[in-house]
Amino acid sequence: MVTASHNPPHFNGFKLMLGTQPLCGEKLEKLYDSMINEKFSLEKGSIKTIDYTVSYLQFLHKDFKENYGESSLKVVWDPGNGVTGPILQKLHSLRTLRLK
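Residue numbers for the sequence shown, in numbering that gives the first Met the number 0: 0 to 99.
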């Protein structure tokens, strides 16, 4: 994960995890050494792409209806520099449609 994008450039970086634990310090140095000395094995893997856009839009709509019903409440989402921007644009364009 690229982190700290809101900080000055010299604080930006990558957050590395090994399972649920951060990969840092001695463990990170060991990984670096293994990569430099090519002491690692390649494993086969796979990539699966899943588009959760519709499901997420339905969740947002359902959550809003359950918590606020048919109120005239106006909601503003500010994704900042987050990845939800395109989802919120779709939500805005679908606001007059009835999502299930």
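Just so you know, even glycine gets a beta-carbon here, dropped at the ideal spot from N, CA and C.
Inset, instruction - Could you tell me the distance, in whole angstroms, from the CA atom of W76 to the CA atom of P7? - result: 25 Å
Inset, instruction - In angstroms with no decimal places, state the Cα-to-Cα distance between H91 and K43. - result: 41 Å
Legend entry - Distance CB(Y55)-CB(I86) smaller than 7 Å: yes
Legend entry - Straight-line Cα distance separating Q88 from G79: 13 Å
Legend entry - Reduced DSSP category for F63 - H, G, I as helix; E, B as strand; rest coil: helix
Legend entry - Same chain, Cβ closer than 8 Å to L17, five either side skipped, listed in chain order: K26
Legend entry - F58, DSSP secondary structure in three states: helix
Inset, instruction - Would you mind reading off the limits of the alpha helix (DSSP H) that contains E25? - result: 24-35
Inset, instruction - Would you give the residue range spanned by the alpha helix (DSSP H) that H91 belongs to? - result: 84-92
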